[in-house]
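In order, the protein sequences belong to chains A, B and C.
Residue numbering for the first sequence follows full-length UniProt numbering, beginning at 1 and increasing consecutively.
Residue numbering for the second sequence follows full-length UniProt numbering, beginning at 1 and increasing consecutively.
Residue numbering for the third sequence follows full-length UniProt numbering, beginning at 1 and increasing consecutively.
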Amino acid sequence: MHKDIQSGLVVAAVGFLYLWGLRGISETTLSDEVGPTGIPYLLGIGLALTGLLIAARGALVARKAQPAVAAAPAPDDDEEADAPAWRAMSFLGLGVLFIGAAWLAGYVAAGIVLLAATATFEGIRPSARLAVLAVVGAVGFWIVFVKLLGIDLPHGVLFGG
Amino acid sequence: MGKLKAAMRLAVAAAAVACGIGIAKAAPEAYPQKVVTLVTHSSPGGGSDVFLREMIKYLNRYIDATFVVENVQGGSGARAMSKVATAKPDGATFYAITPTYVFTSLMSKVPSTYKDMQPVVTVFSDAEVLFTRTDGPFKSLKDVIAHAKEKRGRWGVANPASLERQAAERLKKAAGVNAAIVSHEGGGDMMINVLNGTLDVGVGEIQELRSQLEAGKVRLVATFNSKRLDGYPNVPTVKEEGFDVVVQKFRGLAGPKGQPPEVLAIWERAMRGLIADPDYKKVYAAESLVPEVQGSAGATKLVDDFAAESEAFLKEAGAAK
Amino acid sequence: MDTLLKCLTLLVATPLVPAAIIGLVWGIIGGALPGISASVTMSLVLPFTYAMDPMVAIVLLASVYIGAEYGGSIPAILIRTPGTNSAAATVVDGYEMKRQGRAGEALGISLWSGVIGSLFGLVMLIGLTEPLSRIALAFKPMSYCALGLLGLSIIASLSGGSLLKGLAAALVGMMVSTIGIDPISGVDRFTFGQPDLLNGVKPIMVMVSLFAVSELLRQSGSKSVALGQQSVRITLPNLAMMRRLIKPQFIGCITGTVEGLMPGGGGSIAAFFSYNEAKRWSKHPEEFGKGSVEGVAAPEAANNTVASASLIPLLSFGIPGSNSAAVLLGGLLIHGLLPGPRLFEQNADVVLGLYTGSLVATIAQIAVGIVIMPVCMWLVNRPRPYLAAFIYLLVLSGIYTINGSLFDLGIVLFGGLVGFLMKAFGYPFLPAVLGVVLGPIVESNYRRSMLLSGGDLSIFLDDPIAVGFLITAVLFLSWSLWREWRDAVARRTEVKPA
Chain A
1 MHKDIQSGLV
11 VAAVGFLYLW
21 GLRGISETTL
31 SDEVGPTGIP
41 YLLGIGLALT
51 GLLIAARGAL
61 VARKAQPAVA
71 AAPAPDDDEE
81 ADAPAWRAMS
91 FLGLGVLFIG
101 AAWLAGYVAA
111 GIVLLAATAT
121 FEGIRPSARL
131 AVLAVVGAVG
141 FWIVFVKLLG
151 IDLPHGVLFG
161 G
Chain B
1 MGKLKAAMRL
11 AVAAAAVACG
21 IGIAKAAPEA
31 YPQKVVTLVT
41 HSSPGGGSDV
51 FLREMIKYLN
61 RYIDATFVVE
71 NVQGGSGARA
81 MSKVATAKPD
91 GATFYAITPT
101 YVFTSLMSKV
111 PSTYKDMQPV
121 VTVFSDAEVL
131 FTRTDGPFKS
141 LKDVIAHAKE
151 KRGRWGVANP
161 ASLERQAAER
171 LKKAAGVNAA
181 IVSHEGGGDM
191 MINVLNGTLD
201 VGVGEIQELR
211 SQLEAGKVRL
221 VATFNSKRLD
231 GYPNVPTVKE
241 EGFDVVVQKF
251 RGLAGPKGQP
261 PEVLAIWERA
271 MRGLIADPDY
281 KKVYAAESLV
291 PEVQGSAGAT
301 KLVDDFAAES
311 EAFLKEAGAA
321 K
Chain C
1 MDTLLKCLTL
11 LVATPLVPAA
21 IIGLVWGIIG
31 GALPGISASV
41 TMSLVLPFTY
51 AMDPMVAIVL
61 LASVYIGAEY
71 GGSIPAILIR
81 TPGTNSAAAT
91 VVDGYEMKRQ
101 GRAGEALGIS
111 LWSGVIGSLF
121 GLVMLIGLTE
131 PLSRIALAFK
141 PMSYCALGLL
151 GLSIIASLSG
161 GSLLKGLAAA
171 LVGMMVSTIG
181 IDPISGVDRF
191 TFGQPDLLNG
201 VKPIMVMVSL
211 FAVSELLRQS
221 GSKSVALGQQ
231 SVRITLPNLA
241 MMRRLIKPQF
251 IGCITGTVEG
261 LMPGGGGSIA
271 AFFSYNEAKR
281 WSKHPEEFGK
291 GSVEGVAAPE
301 AANNTVASAS
311 LIPLLSFGIP
321 GSNSAAVLLG
331 GLLIHGLLPG
341 PRLFEQNADV
351 VLGLYTGSLV
361 ATIAQIAVGI
371 VIMPVCMWLV
381 NRPRPYLAAF
391 IYLLVLSGIY
401 TINGSLFDLG
411 IVLFGGLVGF
421 LMKAFGYPFL
431 PAVLGVVLGP
441 IVESNYRRSM
451 LLSGGDLSIF
461 LDDPIAVGFL
471 ITAVLFLSWS
481 LWREWRDAVA
491 RRTEVKPA
């Protein structure tokens, strides 16, 4: 139950951070009886308390039963284990790369990069086939969004967007 | 019958305007840009979007260019304002303005405000009215105020940062009454609360009330305009009823600062021609829009005066940033 | 008889059938793309209708709406990405079924339930507009607030074991919903001077983060190919299955009708609520969350019912029951049609055309579904690395289109990380999603109620609808808590002897 202590404390911290963020909200005489901070105040306190309770319960359970007590709802048996943290973070990094590339060079270029990089990261060996697929995919998405639906996608600052 | 009379009166008024500027143009004026983008923060089908799309149907008769409406949503208008404020002042990009853009500038932290744009022209003044349900206890503004004095008024407005809200707050202050001013998520939401008696009155624009007005479900109590509406000559103004509150919802265009003078002149001439156009007149008369064309100088003064007034009001309430 | 003849004439003499089918297909495409909501799909097509005959234009828009409400379920089932807000509840059991190799069955059930929902909504629209519109008028801010609380009361049964963690997730969801311009006072909250946050974080962004992005992260590098090559055939329910689905579909139809009548809801509340109720009344509640057919049927019937039911307040007083109905209102106004009681007298043909067109679109839904589904299933049967790459791009593109903002992509990636951690630490997603959807409804209507009464809570007692909702909420909550306690006791007694 060590995990519950950690996560409970993080949850409580989020609650306190939120309460601290409330100070940035201006009260006006145009406000209502409850005000823009009324409910958020309750939410913040509620979350902080809930987090502390989760942590406390975690500590309690941890002390009571050291040996294998069915911790939290165990993940279903048929589910494969989660990816390790470094993999998940790298995967997110690919998304950040996409944002940067889209800002710089526009949607199609960023899309090609994202498709090729993600597929490679997930275990496809770089090949001409992959390159073609990435280009076709990114251009295809662009056609669906921009040409068919008429929604604008990033042009990229390099091209004056 | 009232409607027909009103339409005729509008026609006469518009004809007078047309005569005032001399001749109606036969061919569209030359314009320095081929394509003109009109930006709005409203979604397709929303207020400013409909205004622009109706307008560009007829605008080619007066300006020789292709007009495109671009919906730049998000950020409560902040994105659209930034886009226009940072564009080149060459007459190719304009923003459809209403008091909302001033409110957003005053109340929220946004990168570009109304001060970063130059009003080019104002075209209409929408009618803001107070309305109540037909089978309710209120017959006139006096009833509404009397009720609010005696007990507690319940007045509705569509959005928090809106001209309607400001109108209601100022009326409350002018009358010195105790009224809850309840903002909603749009006019439809508020209309239900007016119809089911949760609210005494609502403040809204005539266009949004047309369904209910025609069905006889709501009654106009007063208008916040400076004079009575042509379409509803029996509805008094708030001022006539003894409260010195006049608000006007302007509609027009603003562009990046530093527009060439000839562009400004072309737009003013085109708008004067446009509102006299019989085809376009049909469109706006049906919505009780009051044509009030002002060129850049007049429009700038209008916006600045309005902003000063609103800022003072919001500062006093502590709501301006 | 006369009316029937008129309908037939409309079918033959006007381009109503093609309009309905084109609208439907367009709607399914838009609805299936994550981030492009039903209302956006409709507003994208709106400019094209300006030049059309008013009746054809309205039929087209209504068909887009029907298609989009259905289309949202396709990615929800196949790639764990709700295409629209109201498909979020479908993700739970739909995607689970897909993982078990039952994608064809899940899609068939969602299609069939969608058709049932549309038909039910249409019957309500045609037959009961008058009485139902009176109900729509009876909802006051107090009723909305109570409805929101009722919705929140189901968190307990959606928490999947840990009530405290469910509560924490719901509170965080509600906190996210407070970002942006305060709907009552108009001041900024938690925007940190960032204009992209003024409009708040949309529920769909939270759903896509938690369901889709976190799943991509979690599965990164996974070697398992989901059950090899799945069949790409769509399986419509057989008679026995149809009978089993009647109950959840009925629950979906009723909740969908109620939500459609209430402006501002938009489908997701009905979907969640019907999911929860279907579970409560099911003979197999233990299957829920593990690939229950009923768990797909209820929300899919509900969100399609909303599509038709939200036209009731629109047509009868020009007040749209959802964002999408608001776009339809725009379409009516642009053609000079004024909704309201007089629409039925002055433009009876448009109303009749709308009914007929919606019926055509509903029936066509089956055919279109059967044709396009195999293509979609084939697509998701590609090797996992390619699939992950394409889903990633699809999700990021879709989210970008909401506000045209790269900033939003950052939010969604961050949300994906949060989802990854929530999963790792055993926090459930559904309460968080519910919190984002219901938070604003509860908060703003509570504040409206307090404004109306001058801070007097007893105003809730004056509204019978609110009282009814609140009593139901208390009953639901105590029922869930009792069950939770009973299960906990059962677990303890099981563990002790061992």
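All C-beta atoms, glycine included, are put in the ideal place defined by N, C-alpha and C.
From a predicted model like this one, the values you see are computed outputs, not experimental measurements.
Short of 7 Å from the beta carbon of residue 235 (chain C), and not among the five residues preceding or following it, lie these beta carbons of its own chain, in chain order: 104, 105 and 108. Contact between residue 192 (chain B) and residue 127 (chain B) is ruled out by a C-beta separation of about 22 Å, above the 8 Å threshold. Collapsing the DSSP output to three states places residue 245 (chain C) in a helix. The continuous stretches of beta strand (DSSP E) do not include residue 100 (chain C), and DSSP gives it neither H nor E. Just so you know, the alpha carbons of residue 435 (chain C) and residue 133 (chain A) end up roughly 40 Å apart. For residue 202 (chain B), the enclosing beta strand (DSSP E) covers residues 201-205. Shown here, residue 346 (chain C) sits in a helix according to DSSP, grouped into three states. By the criterion of at least three beta-carbon pairs nearer than 8 Å, the region 77-97 of chain B is in contact with the region 252-260 of chain B. Taken atom to atom, the span from the alpha-carbon of residue 34 (chain B) to that of residue 68 (chain B) is near 11 Å. Per DSSP, residue 271 (chain B) is one residue of the alpha helix (DSSP H) stretching across 261-276. For residue 182 (chain C), the chain B residues whose C-beta falls within less than 8 Å of its own C-beta are 160, listed in chain order. Assignment of residue 230 (chain B) by DSSP, reduced to helix, strand and coil, places it in the coil class. A Cβ-Cβ separation of about 5 Å places residue 63 (chain C) in contact with residue 24 (chain C) under the 8 Å criterion. Counting the other Cβ atoms within 10 Å of the Cβ of residue 476 (chain C) gives 16 or more, which makes it buried. Annotation: residue 156 (chain B) is outside any alpha helix (DSSP H); the continuous beta strand (DSSP E) that includes it extends over 153-157. When 8 Å is used as the limit between beta carbons, residue 164 (chain C) is near these residues of chain A: 50, 53, 54 and 57, in chain order.
In this structure, A:87 is the residue among A:87, A:128 and A:130 with its C-alpha nearest to the C-alpha of residue 220 (chain C). Within chain C, 181, 198 and 199 have C-beta atoms less than 7 Å from the C-beta of residue 76 (chain B), given in sequence order.
Contact between the region 123-137 of chain C and the region 451-458 of chain C is absent: fewer than three C-beta pairs spanning the two stretches fall below 8 Å. Contact between the region 275-285 of chain C and the region 20-39 of chain C is absent: fewer than three C-beta pairs spanning the two stretches fall below 8 Å. Not one beta carbon of chain C lies nearer than 7 Å to the beta carbon of residue 13 (chain A). By the neighbour-count definition (other C-beta atoms within 10 Å, threshold 16), residue 243 (chain B) is a buried residue. Here DSSP, grouped into helix, strand and coil, assigns residue 255 (chain B) to strand. The Cβ of residue 397 (chain C) sits closer than 7 Å to at least one Cβ of chain A.
The straight-line gap separating the alpha-carbon atoms of residue 189 (chain B) and residue 384 (chain C) is approximately 46 Å.
A contact is defined here as three or more CB-CB pairs under 8 Å, and the region 100-113 of chain B fails this definition with respect to the region 128-145 of chain B. Annotated three-state conformation of residue 113 (chain B) is coil, per DSSP.
Collapsing the DSSP output to three states places residue 70 (chain B) in a strand.
In the pairwise beta carbon analysis, the region 254-262 of chain C is classified as touching the region 296-313 of chain C: at least three pairs are separated by under 8 Å. Between the beta-carbon of residue 81 (chain C) and that of residue 391 (chain C) there is about 7 Å, and that keeps the pair under the 8 Å contact cut.
For residue 289 (chain C), the CB contacts under 8 Å within the same chain, skipping 5 residues up- and downstream, are 92, 93, 96, 160 and 295 in chain order. Residues of the region 103-121 of chain B that bring their beta carbon within less than 7 Å of a beta carbon in chain C comprise 107, 108, 109, 110 and 111, in sequence order. Closer than 7 Å at the C-beta level to chain A, one finds no residue of the region 135-159 of chain C. If the five residues before and after residue 180 (chain B) are omitted, its C-beta is found closer than 6 Å to the C-beta atoms of 154, all from its own chain and listed in chain order. Three or more Cβ pairs drawn from the region 5-13 of chain A and the region 51-61 of chain A lie within less than 8 Å of each other, which places the two stretches in contact. The three-state secondary structure of residue 405 (chain C), taken from DSSP, is coil.
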